[in-house]
Amino acid sequence: MLRITEGGLVEKYPLIFQDRYASVRNSCMAFGIECGPGWYPILDVLFDKITKYCEEVRFPSPKALQIKEKFGNLRVYMDVTTPYIDGLIWMAESITDSTCEVCGGPARLMGFEAGWLEVRCPDHSRIKAGAAASRNAVGSVPKTITDRPPYERRVPAYTKDGESIALLDVLNVALISYCESRKGADVKVKEVRIEDGSMLFDAEGVDEEAQGIMDMAAAFWRTTSA
51 MLRITEGGLV EKYPLIFQDR YASVRNSCMA FGIECGPGWY PILDVLFDKI TKYCEEVRFP
111 SPKALQIKEK FGNLRVYMDV TTPYIDGLIW MAESITDSTC EVCGGPARLM GFEAGWLEVR
171 CPDHSRIKAG AAASRNAVGS VPKTITDRPP YERRVPAYTK DGESIALLDV LNVALISYCE
231 SRKGADVKVK EVRIEDGSML FDAEGVDEEA QGIMDMAAAF WRTTSA
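Letter by letter, the sequence shown follows residues 51 to 276 of my numbering.
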């Protein structure tokens with residue numbers, strides 16, 4: 051995967067980053083992207099999907115109000131959205147739950163100081179070596195939603211051909227959270243297929259926002275598996 055920089059994202063998506071060099075009095079984007087480079091590839095896929103969607107449906111491109119890490123998770127705030135864009139953002143933020151903020155590798159949510167959270171791989175964790183065996187003493191989070199047994203499956207753990215893809219577990223958690231937060235939502239993916247380098251879903255109960263969640267997952271998988 052090509053190395054992605056903040057400057058590269060700003061240049062590639064000028065409408066989304068139109069406030070990047072605004073005054074701090076007018077926009078939080080004056081502070082730039084307030085997260086580590088390990089999440090830049092996720093942002094690249096997200097903004098590519100948003101840009102193409104807006105062109106397709108002729109919706110005015112939203113601009114970023116703030117992009118930052120908060121409570122160990124990515125947060126993306128836009129000035130205007132649609133349910134579909136909200137779904138794209140939902141999944142992008144969900145992917146960071148298990149992606150190292152520094153290098154983009156597999157990671158987990160943990161604490162490096164009491165009250166401070168981070169998503170880091172072992173190589174980039176700020177937990178001191180001497181405290182690693184006693185993480186509770188440094189305020190770690192030993193259990194997250196991704197650690198708990200999947201009592202509910204809204205997405206199969208395997209593709210139709212029996213392939214195990216970690217991103218499917220992330221999507222499963224995202225759709226569980228989505229259905230819990232949206233009254234009446236009942237999205238279930240019955241089958242996942244890989245065809246011609248694309249991830250396809252056979253699902254039911256899908257609304258526009260849930261479609262955005264699934265499309266972001268598929269787009270990110272395609273980018274990382276290329």
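Positions of the beta carbon are idealized from the N, C-alpha and C atoms, including for glycine.
Checklist entry - By Cβ distance below 7 Å, which residues in the same chain neighbour ALA157 in space, the five residues on each side in sequence not counted? => result Only SER148, THR149, CYS150, VAL169, ARG170 and CYS171 meet the Cβ criterion.
Item to check | Sequence-distant residues of its chain with Cβ nearer than 6 Å to ASP252 (five each side left out) | outcome: For ASP252, the CB contacts under 6 Å within the same chain, skipping 5 residues up- and downstream, are LYS240 and GLU241 in chain order.
Next on the checklist: Three Cβ pairs or more, each shorter than 8 Å: is that satisfied between the segment 128-140 and the segment 73-91?
Outcome noted: As far as the Cβ criterion goes, the segment 128-140 does not touch the segment 73-91, which means the pair count is below three.
Item to check | 9 Å Cβ cutoff met for MET264 and MET141 | outcome: If you check the CB distance, MET264 and MET141 come in under 9 Å.
Next on the checklist: In this structure, how does DSSP classify SER231 when only helix, strand and coil are distinguished?
Outcome noted: DSSP places SER231 in helix when its eight states are reduced to three.
Checklist entry - Quick one: is ARG204 buried, meaning 16 or more other Cβ sit within 10 Å of its Cβ, or exposed? => result So ARG204 ends up on the buried side.
Checklist entry - Which runs of the beta strand (DSSP E) fall wholly inside the segment 86-123 and span at least 3 residues, in chain order? => result Every beta strand (DSSP E) of 3 residues or more that sits fully in the segment 86-123 is shown, in chain order, as 114-120.
Item to check | Pairwise C-alpha distance: LYS62 and ALA72 | outcome: C-alpha separation (whole angstroms): 18 Å.
Item to check | Within 9 Å, strictly: CB atoms of THR273 and VAL60 | outcome: Their beta carbons are not under 9 Å apart, which means THR273 does not touch VAL60 by this criterion.
Next on the checklist: According to DSSP, VAL242 sits in a beta bridge with which residue or residues?
Outcome noted: According to DSSP, VAL242 bridges with PHE251.
Item to check | Identified DSSP bridge partners for VAL126 | outcome: The partner list for VAL126 (beta bridge, DSSP) reads ILE117.
Checklist entry - What separation, rounded to the nearest whole angstrom, lies between the Cα atoms of ILE54 and TYR134? => result Looking at the two C-alpha atoms, the distance is approximately 25 Å.
Item to check | Beta-carbon gap between ILE100 and PRO112 smaller than 9 Å | outcome: When the beta-carbon positions are compared, ILE100 and PRO112 come within less than 9 Å of each other.
Checklist entry - Terminal residues of the continuous alpha helix (DSSP H) containing LYS270? => result Sequence check: residue 270 is Phe here, not Lys. 258-275 is the span of the alpha helix (DSSP H), which, as asked, contains PHE270.
Item to check | THR149, DSSP secondary structure in three states | outcome: In the structure shown, THR149 adopts extended strand secondary structure according to DSSP, grouped into three states.
Item to check | Cβ shell of ASP236 (< 7 Å), same chain only, five flanking positions each side left out | outcome: The beta carbon of ASP236 is closer than 7 Å to those of CYS229 and GLY255 in its chain, skipping five residues each way along the sequence.
Checklist entry - Name the DSSP bridge partner or partners of ARG158? => result Answer is ARG170, bridged to ARG158.
Item to check | Beta-carbon proximity check, GLY262 vs ILE139, cutoff 9 Å | outcome: Yes, the Cβ-Cβ distance between GLY262 and ILE139 is below 9 Å.
Next on the checklist: What would DSSP say about SER175, mapped onto helix, strand or coil?
Outcome noted: In the three-state reduction of the DSSP assignment, SER175 falls in the coil class, being assigned neither a helical nor a strand state.
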